[in-house]
Structure formats: C-alpha cells, structure tokens
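Going line by line, the protein sequences match chains A and E.
Read in order, the letters of the first sequence correspond to residues -13 to 310 in the numbering used here.
Read in order, the letters of the second sequence correspond to residues -13 to 310 in the numbering used here.
Cβ atoms here follow ideal geometry from the backbone N, Cα and C, with glycine treated the same way.
First up is the structure itself, then whatever we jot down about it.
Number of protein chains: 2
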Amino acid sequence: MPTSSTPAEKKITLASLGEFGLIASVTAGRTQPASTLLGPGDDAAVVAAPDGRVVACTDVLVEGVHFRMDWSTPEQVGRKAAAANLADVAAMGAVPTALLVGLACPADTDVELLQGLTDGLWAEAEAAGAGVVGGDVAASAQLVLSVTALGSLDGLDPVTRSGARPGDVLAVAGRLGWSAAGLAVLGRGFRSPVAVVGAHRVPEPPYAAGPQAARAGATAMIDVSDGLLADLGHVAVASGVVVDVRSAAFSVTGRLADVGQALGVDPLHWILTGGEDHALAAAFPGSVPEGWLVIGEVRAGAAAVLVDGRPYEGGPAGWEHFSR
Amino acid sequence: MPTSSTPAEKKITLASLGEFGLIASVTAGRTQPASTLLGPGDDAAVVAAPDGRVVACTDVLVEGVHFRMDWSTPEQVGRKAAAANLADVAAMGAVPTALLVGLACPADTDVELLQGLTDGLWAEAEAAGAGVVGGDVAASAQLVLSVTALGSLDGLDPVTRSGARPGDVLAVAGRLGWSAAGLAVLGRGFRSPVAVVGAHRVPEPPYAAGPQAARAGATAMIDVSDGLLADLGHVAVASGVVVDVRSAAFSVTGRLADVGQALGVDPLHWILTGGEDHALAAAFPGSVPEGWLVIGEVRAGAAAVLVDGRPYEGGPAGWEHFSR
C-alpha cells in the first residue's frame, strides 16, 4: 500500500501573513549590537555614530540578475546582499554598524523564503559586527533587495578612491577570482567543487582589513565588486595615476587552478576580471599591513590600469549593468 | 504644405547610457548641504551626525502599487518617494540630513524619466534640508524605488511610538485626507481639482513640526502614512493606551468638502483613514506647540483607537500591503 500523501500544506505567503506580520516574524528574537540605540519597530531606527560622522551606502540586487533562487538558498542570497554593502563600508576604512533592507517581492512569495533571506542578512551583519535596524517590504513582480549599510570611521579619515600617489604600493586583502570561477562552474550545470561554488553564493569580504588599512595610512581603497581591473580603473581615474598590476603576484594553485584546468580557462582571467568576491584593493605609501598581498604599484601618468606594464587583452575588464 | 515631421529621435535608455553614465548624469551639478562630508562617487558617502547618533529608515515604492507613471510625472514620483522617508525621520523628532536611493528598473527605461525621478528626489531632499548622497541602480522587470533617509536628533531624545501617557493631548501637524481625496478623483478619471490631485501626487509633510514637537516635550509621535486611525493604532499598541479622536476637531471646508460632495463621500472618512499625506500625529503632556491642531486625547485602558469614544465603523481603517 502506498504511503498516503498528506494533503499539501498550504504555504504561508506574504499576502496571507501581511506586511506587519512579516516584519514581526523576521524581527522577533534578534540581538542588536551595542551600536543600535533604537532598533526596528518605530518610524526610524537610531544608530550610534560615535565620532559625529556616519558612513552610508546602498546596493540593489535583483533576482535573475545578481542571484538565482535555483543556484542559492534564500539565506545565501541574504548573506551576499549584506556582504556587498558591508564591504563598501569597510572599503572606506570604516566598521559596519547597521543595515536597512528594502524588499520588493511578489505577494505570493513564501514567507519561509523571506525568513531565510532575513536570516542571511542577519548572519552576515553579525559577522561584520552590525545589526539589521530597519526596512520595508512591498509587493512587486520580481524580487528586488535594496540594502543600505551604515558604518563608523572611529575618528579615522575616510579612505577614498582619489588619494593614490605615484610610488604607492598596490595591495589586496581577500580572495579574487573565486566567485567568477564558481559562476563558471554553475553556468555549466555543475555544483562542485563546493569551495568555488560556495564563494560565488556567499562572498567572504575581509571586513577587518578595511579599518586596518586606514590605520596603516592607505591612500586609496576600493572594494572589488565588478572585477579587480575594472575597480582599479575607478582608483586610477579618481586619483589621476597609472595603476600597474604584476600578474606574477598571484599564485594560482589549489582549487582555482583545478577548476581552470577542468573548464579550460586561465584562472588569472578570473582573478583580474571576476567580480563579487568583495576583496579590498588599496594603495599604501610604504609598507603593507599584515595579511595584505602586494600586487603592483602606482605610477605617474594619464589614468590607466595596466597588467605587467601593458593594457590587459584578456577580454572585457568588468561588469557593468545595462551595457550592451 | 504640412510641416515635415522630423524623424523620431532615438531615446536614450538606461541600457545605452549604462550604469555609470546614468550615475554621472544624475549627480552632476548638485549642491550638497553642509552635512554631506563626502558625497556620491566613492564606495560610500560620509554624513555628519553631530550628536553621535544617526536616525535611519527605509521605504520601498513600487510602480503600479504606490505610484502610476500615467498619473504622476517622474519628478512627482521622486518627490513622493523622498517625502515618505523624510517624514519618518521628522516623526522621530529629527532633522533630515541625507537620502540614499536604490533604484531597479527595466533596461529600456528612458533616461529622461530617471533624471526626472532624481530631480524630484533632490527637490524634496532640499526642501527638508537634506542631500542625496548615494545610491545604486540595477535592471529589473518593474520600477522599484527604495529610499533610505538619515537624520540628526541634534541632542534631543528620539520621540517613539511608545511614550504616550493617559492625560496626554493628541494633536496633528499637516494635512489629512487630501491625498485620499486626490486618489479618489484620479480613480474616477478626473484630473482636478488640482489642489487635491496635487496632494496625492506630492505630499507636503510638515518636516519642521517634528523637531518642534520633540522640543515641546512630545511623548509619542508617528507619521501618518497608512491613515490616521491605522497609524494611531501603532501608538496605542506601543504605548498601551486608548487614543480617542474627536471628529468635531476637523473642520471640513473648502476643497475637501467640495470634492466629497462631488463624489458622494464624507470627507471625514478620508481624514480618518486616508494615507500618504505624511502629516505628523503626536501626544503632548500639556500645551500643544503653535501650528498643531488638537484632535483628541490619550486615556488609560486596553490599547484601542476610538472616534468620539466608539470604534470607527466607517470601513477599513488603513492600508496594509499584501492583505487580502
């Protein structure tokens, strides 16, 4: 006798739970960090900004563009959305304090999915020392996540893109190319190696390296979200300098080398052009702090990014939305 | 001879201009307030938070749900999106300092529309004393605007929803019912009277009344976004009090009375249940500051909102997304 199937449980959707029900469900039982002076539940939150300044940035992620629900769990999507913003705060030399989340999604979205998303946002915020202090939800045709991150400079000057000077040493903290390798694997229908696929699903930005670089006197810094060369291009233009990357600086071994061999791709291409790992790239006037890898130098000249002294010929240098 | 028609000019879309082109186009030539220490163009902005705290909130607006591009100009949509957030900051007793904008829209969106949106965001931010300090744009199926507002309490305590006490006087600053009347007019295919239609397109929150109420010792405050009774319900629950509104407090005259008569609706219904005017409602322990209208009182008892001592029977008390 076949096992009798239980009647399909009716899923709880956003429409059935309602806006306020969802908000109650995803805010209950969370522990806010000390910097959250007033958390969710009022017209606005209040967050500590101890040195009288607050760092703030916003990133938008769209289902099908920035993530696929069949490639990632809701929690992974939440972590990734949070990481993209928290890394921007770190790239100014600041410590993340808070996230606010604008969510638009179809009314028939399963509340479990939204709880997973929120769990992911919380997990990544906590990893960076921040809390989720507010947000809003509305009905839309497609899932869109707009995350705002706040941070504290703790008395340091913000490290912008425009301060790199000829003679500075160029260095990175964090992984490069792993997310691009993971995306290539997923795009060919594979689900392993887990290490690179996981790197695409959930980046691991080196949050602490941002304030570390600021304390060490970094002259310019950026978070690698669109690809190393593309993002260094912003530093080159803003600072009016030549940024020259030395390809031999990257030792391509282990997983990245294996995946490259399996897919017939030179992993250096992923390292130079792959986005979404949210490594930090910075220029330093002298020695480089512990944990940072020297990858090149800053020279005088018309703004340009070079690899081993020449323009990189390996393909499009980065990812820009909407461009054809 | 008929005037020869010029060939249709090819519109510039987000896809043709690109993400960075759009950002350059909408940030050029703007004047930031003094509170913007570092404006758009880097990984994150830096905003002044003079008393060591920052007020922060996020609102999401979706085309077809919160606004219609055939009922409003892009600039009006931008103003409304900004106003909804800036009013939340004011409702804490704070002065708005900055907006960040997460925008998702179809790749074939006309850049003129996006410039109009941005002009509206800037106009409303400036009206409240704030600047637009950052944002992000991504491709999506539907236009979604997620706006985050920041503000400064300037040394005052935040005014929450939970401080109302029996004996407090209930008062409002700003208009009530005008946006609902305008929506009713538009919904029946009319475009006038301009005063109420305009109120639906662009609310006029009384930003300065927020800090004014905080200085006057307001015990609780909320921004009327979902309807007076619905929003007072949040105050009643958070404070554990009865909020009793006196209907005779509202003098229904002029435009609102005319429109009510023309459409066969009692304007009091719009005043009590209409959202989106972003008036401020507050409880005061004693006298009410200039410009505020006394509309009722706070009493001891199980949390409830009453009108003239009784539950309001005039229909659904407010607007909740997703509810059936």
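9 Å Cβ cut-off: residues of chain E touching residue 11 of chain A: Within chain E, no residue comes near residue 11 of chain A; the closest Cβ sits about 13 Å away, beyond 9 Å.
Start and end residues, alpha helix (DSSP H) containing residue 221 of chain E: That run of the alpha helix (DSSP H) goes 214 to 225.
Mapping the DSSP letters down to three states, classify residue 105 of chain E as helix, strand or coil. helix
From which residue to which residue does the alpha helix (DSSP H) around residue -2 of chain A run? Element bounds for residue -2 of chain A: n/a, residue is neither H nor E.
My understanding is that residue 196 of chain E touches residue 266 of chain E, with C-beta atoms under 8 Å, so please give their C-beta distance in whole angstroms. 6 Å
Check whether the Cβ atoms of residue 137 of chain E and residue 18 of chain E sit closer than 7 Å, and answer yes or no. no
Quickly, what does DSSP pair residue 122 of chain A with across the bridge? List them, please. A:88
Select from A:198, A:191, A:271 and A:64 the residue whose C-alpha is nearest the C-alpha of residue 99 of chain A. A:64
Contact criterion: CB-CB distance below 7 Å. Does residue 78 of chain A meet it with respect to chain E? yes
In its own chain, which residues sit with a C-beta less than 8 Å from the C-beta of residue 8 of chain A, not counting the 5 before and 5 after it? Only 0, 97, 100 and 123 meet the Cβ criterion.
For residue -11 of chain E and chain A, any beta-carbon pair shorter than 7 Å? Any reading at residue -11 of chain E needs caution, since the residue's pLDDT is 43, under 50, leaving its predicted position unreliable; the model's value is listed next. It does not: the Cβ of residue -11 of chain E has no partner Cβ on chain A nearer than 7 Å.
Taking the beta carbon of residue 276 of chain E as the centre, do at least 16 other beta carbons fall within 10 Å, making it buried, or is it exposed? So residue 276 of chain E counts as exposed.
Looking at the C-beta of residue 237 of chain A, does it have a partner C-beta in chain E at a distance below 7 Å? no
Would you tell me roughly how many angstroms separate the C-alpha atoms of residue 75 of chain E and residue 33 of chain E, rounded to the nearest one? Residue 75 of chain E and residue 33 of chain E: Cα-Cα distance of roughly 15 Å.
Per-residue burial, residue -9 of chain E [other beta carbons within 10 Å of its own, 16 or more giving buried]: Note that residue -9 of chain E scores 44 on pLDDT, short of 50, meaning its location in the model is unreliable and no value can be drawn from it.
Is there a C-beta anywhere in chain A that falls below 7 Å from the one on residue 91 of chain E? Residue 91 of chain E does not count as touching chain A.
If you reduce the DSSP assignment to three classes, tell me which class residue 5 of chain E lands in. helix
I'd like to check one pair, residue 83 of chain A with residue 21 of chain A: are the Cβ atoms closer than 7 Å? Yes; because the gap between Cβ atoms is below 7 Å, this pair is in contact.
Return the chain-ordered list of same chain residues with a C-beta closer than 7 Å to the C-beta of residue 39 of chain E, the five sequence neighbours on each side being excluded. 139
Would you please verify whether the beta carbon of residue 144 of chain A is less than 7 Å from any beta carbon of chain E? For residue 144 of chain A, the nearest CB of chain E lies under 7 Å from its own CB, placing it at the interface with that chain.
Under 8 Å between beta-carbons, which chain A residues line up against residue 44 of chain E? List them in chain order, please. Within chain A, 86, 87, 88, 120, 121, 122, 132 and 134 have C-beta atoms less than 8 Å from the C-beta of residue 44 of chain E, given in sequence order.
Which of the three DSSP states is assigned to residue 82 of chain A in this structure? If DSSP states are grouped into helix, strand and coil, residue 82 of chain A belongs with the strands.
is_contact[residue 304 of chain A, chain E] using C-beta, thresh 7 Å: At residue 304 of chain A, the pLDDT of 46 sits below 50, so the modelled position is not reliable; the number obtained from the coordinates is stated separately. No, residue 304 of chain A does not count as interfacial toward chain E.
Per-residue contacts from residue 38 of chain E into chain A (C-beta, under 9 Å): 34, 35, 36, 37 and 38
Mind checking the region 202 to 214 of chain E against chain A and listing, in chain order, the residues whose C-beta falls within less than 7 Å of any C-beta there? 208 and 209
Any beta-carbon of chain E closer than 7 Å to the one on residue 58 of chain A? no
If you compare alpha carbons, which of A:255, A:241, A:225 and A:220 is closest to residue 183 of chain A? A:241
Quick one: Cα of residue 293 of chain A to Cα of residue 268 of chain A, how far? 16 Å
Nearest by alpha-carbon distance to residue 143 of chain E: which of A:6, A:24, A:172 and A:104 is it? A:24
Rounding to the nearest angstrom, what Cα-Cα distance links residue 46 of chain E and residue 238 of chain A in this structure? The alpha-carbon atoms of residue 46 of chain E and residue 238 of chain A are separated by roughly 43 Å.
Is the beta carbon of residue 107 of chain A less than 7 Å from the beta carbon of residue 68 of chain A? yes
In chain E, which residues lie with their C-beta within 7 Å of the C-beta of residue 128 of chain A? 126, 127 and 128
Taking 7 Å as the threshold (beta carbon to beta carbon), is residue 48 of chain A in contact with chain E? Contact of residue 48 of chain A with chain E is assigned, a C-beta pair being separated by under 7 Å.
Per DSSP, which residues does residue 313 of chain A bridge with? Please list them. It is not possible to answer for residue 313 of chain A, since the shown part of chain A is limited to -13 through 310.
Taking buried to mean at least 16 other C-beta atoms within 10 Å of its own C-beta, is residue 152 of chain E buried or exposed? exposed
Taking only beta-carbon positions, decide if residue 31 of chain A is within less than 7 Å of chain E. yes
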